[in-house]
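For reference, the structure is listed below as structure tokens.
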Amino acid sequence: MEHFLCALLVLAEVVVAANAQQVCYDGLGCFSRGGDFPDALPESPSEINTQFLLYTRANPTAEQHIMYDDASSVHNSYFDSSKKMKILVHGYMDDKTEEWLILAREAILAREDVNVIVVDWGGGANSLNYIQVAANTRVVGAQIARFINYLMQLTFLSESSVHLIGHSLGAHISGYAGERLQPRPARITALDAAEPGFQGMPTHARLDPSDAMFVDAIHTDGESILSLGFGMSQPVGHLDFYPNGGSEQPGCEESILDFIVSEGLIDGSKYFVTCNHKRASRLFIESISASCPWRGYPCSDWEAFQAGQCLTCGAVGCHRMGYEANKNTMSAGAENVKLYFTTEGESPYCHREEHRVSLTMSAGADFREVQEMYVTLHGTGGSSAKVMVVEDDKDFEPGQTYVFMVGTSDDLGTVTSVDVQWEEDDDWYNPFTWFNSPTLVLDRLTVDTAGPNTFSTATFCTSPSGLAEGETITVTVGGCGGPITG
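What follows is the structure, given as structure tokens:
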């Protein structure tokens, strides 16, 4: 009978817990379920098992555990409150072994003599139940806030020295931490903040500009979750950077087999799904050590940027993405400033320049269906790579102008010539297309190079005989009516 009563008590506790609408944890406060938050109560601190791991130049690879409410763990460590503190927070299904955490801490310590804290909340992150993991983020955010407050009370650490850097759910965790701190931390950097459960929610339920003195965000996987987009497209910071439009990143379009060959079965399969989502952390890490300007151009959206409508910094100003984003000069009250730029598909990702390439078809030309088109820009300072500007059929109609944005890894100086190559979409079933030698007849080709205050323009005139399919044609300044060299 005694065992039966114990079983009933345990069952009753489980039922009550399952139906509870609020849970409270000592020193962290109370957390409700539903409404603007995930429909689950966060797990206990003991289940989440959040660890604060310190790395400095004195211990760049050997972690030191620091705990709030344990002064000896701080005093017996290499923590130095006179130095800045960078706090790295991972996301869903990750822990302290996540690659970007290791690479980021190494790059930061190589650049600056600071305290790096890795927040390992793997006990609450590694579950297939995303709703539960999303609910756990609120407890982790509260723990980080408590940790920072404890260090500020115990040492001379200032809020102006605190920079939180979070990927995916880690970005919202950083927001929850910042929201609890008074005064706010100096900075939060969001690396593709997680979309499911957060996109479109009120500011108290997600990261927003009020969570730190300065919030910068990099968006790389902003497609809908229905299209396996894991990141937010919604702006969440003072500055929101959208490399390559913020949704589909070059280099992530490879097949799963390509990823398995290059990364192995497990890592390749995982990276195939998360390639766009993880690109934000890779760009940020490269920005720590690369001298690239990482200039983001203010624009209303990606379509306007691709149309070449945002070639100068304008009144809003261009801003530097990444580690040095806090060095930007911002106008008072500016929030959700959307900035666009392009990158390469693999490291080094940096594009130092953005160019608008405009091709104007001759009014008397024949209609052409272009399957592929490539351009190479040559300037006084060097040449670009061969860039594909049309990759999946595009109709070129007489008298129309077609615009493409081309990013270059080097400063080209003054553009002096352009190589053009194109292929027609031949109809295999039409024998009349088998033996013809089509040409693309252009009136002119113009290259506008973007700049902080203005843009420079170079115009290239092409031969009336046109550009022959399949051949690489070099178009030079001034050659109006003259021969084209190939």
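Here the sequence shown stands for residues -20 to -1, 1 to 466, where the numbers follow mature numbering (1 follows the signal peptide of the UniProt record, and there is no 0).
For each residue, glycine too, the CB sits at the ideal point set by N, CA and C.
Bear in mind that the values here come from a model prediction, so they are computed numbers and not experimental data.
| query | result |
| --- | --- |
| The stretch 72 to 86 / the stretch 153 to 165 touching (three or more Cβ pairs under 8 Å) | no |
| G217 vs A170 beta-carbon contact at 8 Å | yes |
| Alpha-carbon spacing of G146 relative to D100, whole angstroms | 12 Å |
| Exposure of Q162, with buried meaning 16 or more beta-carbon neighbours within 10 Å | exposed |
| Paired residues, beta bridge with H299 - DSSP | G276 |
| Every unbroken alpha helix (DSSP H) inside the stretch 128 to 174 [4 residues or more] | 149 to 160 |
| D100 in three-state terms, based on DSSP | strand |
| Secondary structure of D191, DSSP reduced to three states | helix |
| Same chain, Cβ closer than 6 Å to C330, neighbours up to 5 away in sequence not counted | A270, C272 |
| Per-residue burial, L108 [other beta carbons within 10 Å of its own, 16 or more giving buried] | exposed |
| Local conformation of N116 per DSSP, three classes | helix |
| CA nearest to the CA of Y303, picked from G9, C4, R91, F17 | R91 |
| Paired residues, beta bridge with D220 - DSSP | A197, K318 |
| Given N308 as reference, the closest of A287, D281, L357, D220 once Cα atoms are compared | D220 |
| Extent of the continuous beta strand (DSSP E) to which F376 belongs | 374 to 376 |
| Buried or exposed by the 16-neighbour rule on C-beta atoms within 10 Å, applied to K366 | exposed |
| Sequence-distant residues of the same chain with beta carbon closer than 6 Å to Q229, five excluded per side | T200, N256, R259 |
| D196 and A305 closer than 8 Å at C-beta | yes |
| The stretch 309 to 324 / the stretch 449 to 456 touching (three or more Cβ pairs under 8 Å) | no |
| Own chain partners of C279 with C-beta closer than 8 Å, once the 5 adjacent residues on each side are dropped | F285, Q289, C290, K318, L319, Y320 |
| Three-state secondary structure assigned by DSSP to G294 | coil |
| DSSP state of E349 mapped onto helix, strand, coil | strand |
| Classification of L206 by the beta-carbon crowding that lies within 10 angstroms, buried from 16 upward | exposed |
| Rounded C-alpha distance that separates H358 from L392 | 7 Å |
| Whole-number beta carbon distance between A115 and P18, since they are thought to touch under 8 Å | 4 Å |
| The alpha helix (DSSP H) enclosing F285, as first and last residue numbers | 282 to 286 |
| Range covered by the beta strand (DSSP E) that runs through I88 | Where I88 is concerned, there is no enclosing beta strand (DSSP E), although the alpha helix (DSSP H) it sits in stretches over 79 to 91. |
| Proximity of A192 and R167 at Cβ, strictly below 8 Å | yes |
| Reference T356, options V369, R348, G344, A345, closest by Cα | V369 |
| Helix, strand or coil at C232 according to DSSP, with G and I counted as helix | coil |
| Proximity below 8 Å, CB of V386 to CB of V337 | yes |
| Selection from L34, N39, L8 that minimises the alpha carbon distance to S24 | L8 |
| Buried or exposed by the 16-neighbour rule on C-beta atoms within 10 Å, applied to L131 | buried |
| Local conformation of T456 per DSSP, three classes | strand |
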